[in-house]
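Colleague:
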Amino acid sequence: MDPEHLPVINNYLDANEPQSEARLSRMHFHDNQRKVDYVLAYHYRKRGAHHSHGSPGHSLAVISNGETGKERHTGGPGDIELGPLDALEEERREQRDEFEHNLMAAGLELEKDLESKSQGSVFVRIHAPWQVLAREAEFLKIKVPTKKMYEIKAGGSIAKKFSAVLQTLSSPLQPRVPDHSNNRMKNLSYPFSREKMYLYNIQEKDTFFDNATRSRIVHEILKRTACSRANNTMGINSLIANNIYEAAYPLHDGEYDSPGDDMNDRKLLYQEWARYGVFYKFQPIDLIRKYFGEKIGLYFAWLGLYTSFLIPSSVIGVIVFLYGCATIEEDIPSKEMCDHQNAFTMCPLCDKSCDYWNLSSACGTARASHLFDNPATVFFSIFMALWATMFLENWKRLQMRLGYFWDLTGIEEEEERSKEHSRPEYETKVREKLLRESGKSEIQKLDGNSPEDDEDDEDKLTWKDRFPGYLMNFASILFMIALTFSIVFGVIVYRITTAAALSLSKTTRSNVRATVTATAVIINLVVILILDEIYGAVAKWLTKIEVPKTEQTFEERLILKAFLLKFVNAYSPIFYVAFFKGRFVGRPGSYVYVFDGYRMEECAPGGCLMELCIQLSIIMLGKQLIQNNIFEIGVPKLKKLFRKLKDENEPGESGLDHSKRPEQWDLDYSLEPYTGLTPEYMEMIIQFGFVTLFVASFPLAPVFALLNNVIEVRLDAKKFVTELRRPDAVRTKDIGIWFDILSGIGKFSVIINAFVIAVTSDFIPRLVYQYSYSHNGTLHGFVNHTLSFFNVSQLKEGTQPENSQFDQEVQFCRFKDYREPPWAPNPYEFSKQYWSVLSARLAFVIIFQNLVMFLSVLVDWMIPDIPTDISDQIKKEKSLLVDFFLKEEHEKVKLADEPTQKSQGGGDRSRRSRAASSTPSGRSQPGSIASSGSQHTNV
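Numbering (the working numbering), first residue to last: 826 to 1764.
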């Protein structure tokens, strides 16, 4: 019997009753024919019920025409007597009954379990018959393949050969899945139309729309179906928000770890994508898109491209680091610092307890600084700025290529807007406003259930209604940023006081700087991780009180707030070390004090770049390791364990037959709900900032990012395939606001790296000395040039070193700055060299920024956003589609004209022919349909 002719099933099925026939699939109704396209889950509770396995007190009998009737079974054997139901439970039950009735009125077919216990979970299975799928596919303008196939242009002979060689070499890295994008043949696609059924290659109705498309269609119906008992609530999201239903989700395609050879898309994804053992393989992007939808498919395509782009930047970064290692022995300034014969006597690092010291004792720091502070880092900064531009340009090209193969090129903004529905919180806010202003009668205007009403909702909430939310947002964000800065300042105070305390003891005095730096960075890392979680929750709360109308607006505002807070949180300590530490120290005899007796901290003798490198590496690696291993792996496992324990201990659930094989909807219900891609994108965007913003100080950042992402791809894949409920398939053309954030970070990184090279490193002072002050054009004498003299007799009373153990009597000590000597007319004022270096630094920032920006614009201009072959194929596809339409229409007219010629004379033949073009008769092709109506023949 054809599934679409079976009666609608909605009469509480008792799972304990023996089935008339064995279950062939765990993804179908109990008739083994109708596929479960969507599942609604809710928790029920009965009061005053005697435990029995009979029929429920309330039953809903539904006949095939979709009408409902409530029946109360009384007096029969096995019936149970119910006490008065809780008022809230009774209200929710009535709302569910009405909503399910409205779903059936929309053409959906439902199947529901028996509520046989005192409390428990019930699953409402939803099936969309062919008529509903066809109607909604036409309404949503879903593109489907036609009968026409054409060959994709492969380019010139050289390109063909290169592509063939590349494909042969990369064959071991290819996943063993059906790959559509490498196929040289492609179906023409066209939005589904019931009046043009003859265009499509419909072989079997049940499989014409894949599972993701079927669930997407059902979800669209669920979002727009109203429930008058629930205050005219529109859609399943509002019902879930009001706890009428607990969850709504499409089913996974079976189990991913089932024994045997039976294969489904989920199992295939697990074997070829979601395991760490296949980390070296490319991602099956087409299969990911088919299973999870375009939005998730684009995320993994973006993540894959980003990870592959990290390979060349990692190679260059390693080369730059090795260059620093190879030239360390040739670095003249570090040699001068390590030379004990120079005997630069440095001023004390703290008051009283600190003694004079020799600059040669900082030899190790100076040599280590050269690993990252050398001329190659300037080249690497320019390279990474161009790398960021190249990455974004290539992503735009890949996005267009995927859009072509995935038939996303025809998605219009109007279609996107037509699919947007108001959020439950927005509806509630508008309803409260109307209730205050005009009374309950006006509420009916809110939910007219028409697109026109939806469009008129733009001015339902004015700026006056939203002003308190905006004010709270502004004040809260300012407070959070101030809190972040306060914590950074607190860590600075910790460093200063700890350094002073450790300097008092002779045993700890030698390792003061290393101890303080390491502990402070760890404190920063812990604070960043904690505030990251807090700021994510705060950003969500702030976005909710703004009451955005649509989910898209909500998501964009949430992303901007979360990014702003997390960006400030992650980079504030790094910005301090890069641009502020050591800039406000003062000089001997006139130091700047934070508190009484505590001097502002200064950079190490080799500069702050080495400390910046340590800070950046520990925060970056710590965030990646801890967030990946604890937050992304450990937390979901703990949640799953708690959910399992809760279900096992739930009263009323003890009657479950655990020996039976669980249904697919039971297995999926135990998984974590899908909450969006924002956390995944946010993690990668922050990492992108680490890779680009301060890459001049840490050339190995791309290497660690690459190692992390190789694991991250499989970690996210495993999470989507095995730990999350199946997300709803969402069609989208791009990655949205994330691209704008990436582009902004790329441009900002040019400015940041310019200032890191000019201000934080010694690159500019070395250039100025070499070409302006050196006698022989080398860096000999550079260290002496950067150190100023101070007369120790001018130290303030009480700040001189106590019990100095220095070998010789000190008359002058040195400190790192460009100042006039004590014997000059203006002692300790900034010297001419200081102003020369400062002007050179500003000039370098301007030249570097403009040069790199120009090169970035040049790269952007040279690489077209749309690949030439894709642009040609899109034009070719439009031409082929027109030809295909004309050919099919001609065939249709010809078939309709043949019986006319046999039955009519020559005089009426032309008139009948013209009529046949609008009304085809009997001998139509399989799949043809009468154009005058929506009825269609069986295919």
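The C-beta atom is built at its ideal place from N, Cα and C for all residues, glycine as well. Please read these numbers as outputs of a predicted model, since none were measured by experiment.
(1) Pull up the distance between the alpha-carbon of Ser943 and that of Tyr1070, whole angstroms please.
(2) Pull up the DSSP beta-bridge partners for Lys937, would you.
(3) Around the Cβ of Thr1050, are there at least 16 other Cβ atoms within 10 angstroms (buried) or fewer (exposed)?
(4) Would the stretch 1068–1083 and the stretch 1091–1103 be scored as touching if the rule is three or more Cβ pairs under 8 Å?
(5) Please list the terminal residues of the continuous beta strand (DSSP E) segment that includes Asn1012.
(6) I need the straight-line Cα distance from Glu1280 to Tyr1095, nearest angstrom please.
(7) Spatial neighbours of Ser1053 within its chain, please: CB distance less than 6 Å, with the 5 preceding and 5 following residues excluded, ordered by chain position.
(8) Since Ala1387 contacts Thr1234 with CB under 8 Å, what's their CB separation in whole angstroms?
(9) Would you report the Cα separation of Asn1205 and Glu1154, rounded to the nearest angstrom?
(10) Taking the C-alpha atoms as reference points, what is the distance between Phe1673 and Ala1403?
(11) Which of the three DSSP states is assigned to Glu896 in this structure?
(12) Take every Cβ of the stretch 1032–1045, pair it with every Cβ of the stretch 989–998, and state whether three or more of those distances are shorter than 8 Å.
(13) Assign Arg1639 to one of three DSSP states: helix, strand, or coil.
(14) What is the DSSP secondary structure of Phe1034, reduced to helix, strand or coil?
(15) For Asp1262, is the classification buried or exposed, using 16 other Cβ atoms within 10 angstroms of its Cβ as the cut-off for buried?
(16) Could you tell me the boundaries of the beta strand (DSSP E) in which Thr1344 lies?
(17) What separation, rounded to the nearest whole angstrom, lies between the Cα atoms of Trp1212 and Val1520?
(18) Do Arg1222 and Pro1689 count as a contact pair if the criterion is CB distance below 9 Å?
(19) Bridge partners of Trp1182, per DSSP?
(20) Which residue wins for smallest C-alpha separation from Phe1197, given the options Ser1442, Met1297 and Gln1028?
(21) The beta strand (DSSP E) that contains Ser1613, what's its start and end?
(22) Would you list the residues sitting across from Met1766 in a DSSP beta bridge?
(23) Taking the continuous beta strand (DSSP E) assigned at Val864, which residues delimit it?
(24) How would you call Asn1298, buried or exposed, if buried means at least 16 neighbouring beta carbons within 10 angstroms?
(25) Output the distance between the C-alpha atoms of Thr1170 and Thr1585, rounded to the nearest integer angstrom.
(26) Let's test the definition: count the other Cβ atoms within 10 Å of the Cβ of Asp1493 and tell me whether it reaches 16, buried, or not, exposed.
(27) Is DSSP giving Pro1158 helix, strand or coil here?
(28) Look up Pro970 in the DSSP assignment and give the residues it is bridged to.
(29) Along the chain, where does the alpha helix (DSSP H) containing Phe1134 start, and where does it finish?
(30) Could you tell me the alpha carbon to alpha carbon distance between Glu1654 and Val1617, rounded to whole angstroms?
(31) Less than 8 Å separating the Cβ of Ile1672 from some heavy atom of the ligand SAH?
(32) Starting from Val1417, trace the alpha helix (DSSP H) in both directions and tell me its first and last residue.
(33) Along the alpha helix (DSSP H) that carries Ala1073, what are the first and last residues, could you check?
(34) Taking Leu865 and Val949 to be in contact with their CB atoms under 8 Å, please state how far apart those CB atoms are, rounded to whole angstroms.
(35) Rounded to whole angstroms, what is the Cα-Cα separation between Ile1268 and Arg1019?
(36) Using only the alpha-carbon positions, how far apart do Glu1381 and Arg1114 sit?
Modeller: In short:
(1) 18 Å
(2) Val949
(3) buried
(4) yes
(5) Met1010 to Pro1016
(6) In this prediction, Glu1280 has a pLDDT of 43, which is less than 50 and means its spatial position is unreliable; what the coordinates show is noted afterwards. Spanning the two alpha carbons is a distance of roughly 43 Å.
(7) none
(8) 31 Å between Cβ atoms; not a contact.
(9) Sequence inspection shows Phe at residue 1205; the Asn mentioned does not correspond to that position. Roughly 21 Å separates the two Cα atoms.
(10) 18 Å
(11) Reliability fails at Glu896, whose pLDDT of 39 lies under 50, so the model's placement of it is uncertain and the value that follows must be treated cautiously. Glu896: strand per DSSP, three-state reduction.
(12) no
(13) strand
(14) coil
(15) Position check: residue 1262 holds Glu in this sequence, whereas Asp was assumed. By the neighbour-count rule (16 or more Cβ atoms within 10 Å), Glu1262 is not buried but exposed.
(16) Careful: Thr1344 lies outside any beta strand (DSSP E), inside the alpha helix (DSSP H) at Val1337 to Glu1371.
(17) 12 Å
(18) yes
(19) Met1171
(20) Ser1442
(21) Leu1612 to Asn1616
(22) The first residue shown for the chain is 826 and the last is 1764, placing residue 1766 beyond what the model contains.
(23) Tyr863 to Arg870
(24) buried
(25) 24 Å
(26) buried
(27) helix
(28) Ser1014
(29) Glu1119 to Ala1151
(30) 17 Å
(31) The ligand SAH is not part of the structure shown, which contains no ligands of any sort.
(32) Element bounds for Val1417: n/a, residue is neither H nor E.
(33) No alpha helix (DSSP H) holds Ala1073; the beta strand (DSSP E) holding it covers Ala1072 to Tyr1074.
(34) 4 Å
(35) Confidence at Ile1268 is low in this model, with a pLDDT of 48, below 50, so its placement is unreliable and no value can be given for it.
(36) 22 Å
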